[in-house]
Every structure is written in C-alpha cells, then in structure tokens.
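*Asks:* Here it is, the structure, as structure tokens.
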Amino acid sequence: MVKFRHECRSGMAVSSIAPGRRLSLGWLLRGLLAFHVFLIAGCSDGPAERLSKARSAFNSRDFEQAKSIAQTIPAGDPAWSNAQVLLGDIERSLGRNDAALRYYEAIPRDGSPSSLKGVQAIGEIHFSQCALAEAAECFEYVLEHRPDDAKTHTRLAYIYSHSGLRVRAQPHLWGPLKKGKLEVNYLVTLTAP
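Anchor point for the sequence shown: position 49 equals 273 in this note's numbering, and the numbering is continuous, going up by one each time.
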C-alpha cells in the first residue's frame, strides 16, 4: 500500500491506495476532491454570477456570506469595481465606515457607474462625519459626470450654505428648483440674505 497526503480545508487527509492503481485512482480522488472544493467555494460561477449571488445575500441581510462571495472576484475583472461598491455597502451596513472607505477608495475614479457610486458613498460618509470639505469634493466629482443629479445638487447646496458659501450654494439650488425636484426646506436657503 502507498500512502499519500493531500491538503484540504479541514486539515490533512491520509489515504491508502493499492500500488497498481496508484496513478489512476489517486488522480481520480484528487480530481474529485478539487472539484468538490471548487463547487463549495462557488468558483464554478463566473464573477458576474458571484456578484449577483453576493447582492442576493446582501439583500437578505446575510452580510458575512455576501462579503465572502464578493471577495472572490479578482481585481482586473470587469465586476471587481461593483464588488468593491458592494463590499463598501456591507461595511457601512455593519457600521464600519473606515473599512467601507477603504473599499470605495480602491475603485479608480474613471467616471464609470461603479466609480460614481463609490465616490457618492465616500461623500455621504464624509457628510455624516461633518467633514464637509471632503464631502463637497466628492459631490463635485459626481456632478461632473451626472450634472442632473438633484440629490447631489441639494447636498452641495446644503454644504455650501452651511459653510458660509451661499454664492456657491445658489446654482446648486436653481437647477433642481426649475425641475421641481427641490424640497421646500431648501427654498429658504434661496431667500435668506
């Protein structure tokens, strides 16, 4: 009998194989074990499918499962940026803003939809922490690529008006006002001296 060792997730496994069948049975067992681990890890799905599964887990509030799936998407894959947004959203949902910032900041600022989602989320985190200058910089970036985003315009108007920069706040209020997307509480900002 020939003994061989094989690494697996649970530790070492030792198997015995008859000498005449060592190569074929050994390779068969290794192949089956590798295939089994491959399926358990979810590696049989492509990155887009894994991202979809991670989003489903996130929507059902299974944050740890969503995180473990999203982390399997390799850098360089087209779904990687969306996975970083999802990982940041998971961390924000768990109240870990510093970890969320690391995921969002890893996304290149290339104007892509995932880039804009990440920068918007960074701005919201800075806004919630009263880091208004950093939040304004993020929201300005988003508006460069989405000039009709009423929510971002009102955020910037709020930041500028509460920072003593009313002149910079007003253009951000006029656009949403003309489109009927401005909340009443922001109208006061336009009338106050």
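For glycine and all other residues, C-beta sits at the position ideal for the given N, C-alpha and C.
1. Report yes or no: do the region 386-393 and the region 362-375 share at least 3 C-beta pairs separated by less than 8 Å?
2. Can you round the beta-carbon distance between isoleucine 314 and lysine 341 to whole angstroms, since I take them to be within the 8 Å contact cut?
3. Given this structure, state the Cα-to-Cα distance separating leucine 397 from aspartate 269, to the nearest angstrom.
4. Near alanine 323, what residues of its chain come up, given a Cβ to Cβ distance below 7 Å and the 5 sequence neighbours on each side ignored?
5. Consult DSSP for serine 240 and reduce its assignment to one of helix, strand or coil.
6. For leucine 317 and serine 338, I'd like the C-alpha separation in whole angstroms.
7. So which of Glu288, Lys375, Ser284, Arg279 has the shortest CA-CA distance to valine 309?
8. Quick check: what's the CA-CA separation for glutamate 231 versus glutamate 329?
9. If you compare alpha carbons, which of Arg274, Arg285, Leu325 is closest to aspartate 301?
10. Within a Cβ cutoff of 6 Å, which residues of the same chain sit near cysteine 362, ignoring the five residues on either side of it in sequence?
11. What's the gap between the Cα of phenylalanine 351 and the Cα of threonine 376?
12. Along the chain, where does the alpha helix (DSSP H) containing arginine 316 start, and where does it finish?
13. Between the Cα of arginine 326 and the Cα atoms of Gly335, Ser336, Ile349, which residue gives the shortest distance?
14. How is glycine 300 classed by DSSP in three states: helix, strand or coil?
15. Let me make sure I understand the geometry here. Which of Val366, Ala359, Ala281, Ala294 has the alpha-carbon closest to that of glycine 335?
16. Would you identify the three-state DSSP class for leucine 389, choosing helix, strand or coil?
17. For aspartate 269, which three-state DSSP category applies?
18. For arginine 379, does the count of other Cβ atoms within 10 angstroms reach 16, so buried, or fall short, so exposed?
19. What would DSSP say about alanine 330, mapped onto helix, strand or coil?
*Replies:* With the given structure in hand:
1. Not touching, per the Cβ criterion.
2. On the sequence shown, position 90 is the one that residue 314 refers to. On the sequence shown, position 117 is the one that residue 341 refers to. At roughly 14 Å, the Cβ-Cβ gap does not stay under 8 Å, so isoleucine 314 and lysine 341 are not in contact.
3. By one-based count along the sequence shown, residue 397 stands at place 173. By one-based count along the sequence shown, residue 269 stands at place 45. Rounded to the nearest whole angstrom, the C-alpha separation of leucine 397 and aspartate 269 is 46 Å.
4. Taking the first residue of the sequence shown as position 1, residue 323 is located at position 99. These residues qualify, in order along the chain: Glu315.
5. Numbered from 1 along the sequence shown, position 16 holds the residue referred to as residue 240. In this predicted model, serine 240 has a pLDDT of only 46, less than 50, meaning its place in the structure is not dependable; the value taken from the coordinates is given anyway. Reduced to three states, the DSSP call for serine 240 is strand.
6. In the sequence shown, counting from the first residue as 1, residue 317 sits at position 93. In the sequence shown, counting from the first residue as 1, residue 338 sits at position 114. In the sequence under discussion, the amino acid at residue 317 is serine, which differs from the leucine named in the question. For serine 317 and serine 338, the distance between alpha carbons rounds to 18 Å.
7. Working through the sequence shown from its first residue, we reach residue 309 at position 85. The option with the nearest alpha carbon to valine 309 is Arg279.
8. Taking the first residue of the sequence shown as position 1, residue 231 is located at position 7. Taking the first residue of the sequence shown as position 1, residue 329 is located at position 105. The predicted model places glutamate 231 with a pLDDT of 44, which falls under 50 and marks its position as unreliable, so this point remains unresolved.
9. Counted from its first residue, the sequence shown places residue 301 at position 77. Among Arg274, Arg285, Leu325, the Cα nearest to that of aspartate 301 is on Arg274.
10. Reading the sequence shown from its first residue, position 138 is the one you call residue 362. Counting only Cβ-Cβ distances below 6 Å, and skipping sequence neighbours, we find Val343, Ile346, Gly347.
11. If you number the sequence shown from 1, residue 351 lands on position 127. If you number the sequence shown from 1, residue 376 lands on position 152. Taking the straight line from one Cα to the other gives about 12 Å.
12. Numbered from 1 along the sequence shown, position 92 holds the residue referred to as residue 316. For arginine 316, the enclosing alpha helix (DSSP H) starts and ends at 304-317.
13. By one-based count along the sequence shown, residue 326 stands at place 102. Selection Gly335, Ser336, Ile349 evaluated against arginine 326 yields Ile349 as nearest (Cα-Cα).
14. Counted from its first residue, the sequence shown places residue 300 at position 76. If DSSP states are grouped into helix, strand and coil, glycine 300 belongs with coil.
15. Mapped onto the sequence shown, residue 335 falls at position 111. Taking the Cα of glycine 335 as reference, the smallest distance to any Cα among Val366, Ala359, Ala281, Ala294 is reached at Val366.
16. Within the sequence shown, residue 389 is the residue found at index 165, counting from 1. Coil, per DSSP.
17. As a first step, residue 269 is located in the sequence shown; it is residue number 45 there, counting from the start. It is coil, neither helix nor strand.
18. Along the sequence shown, read from residue 1 onward, the residue named residue 379 stands at position 155. Answer is buried; the Cβ neighbour count reaches 16.
19. Stepping through the sequence shown from its first residue, residue 330 is reached at position 106. Alanine 330: coil per DSSP, three-state reduction.
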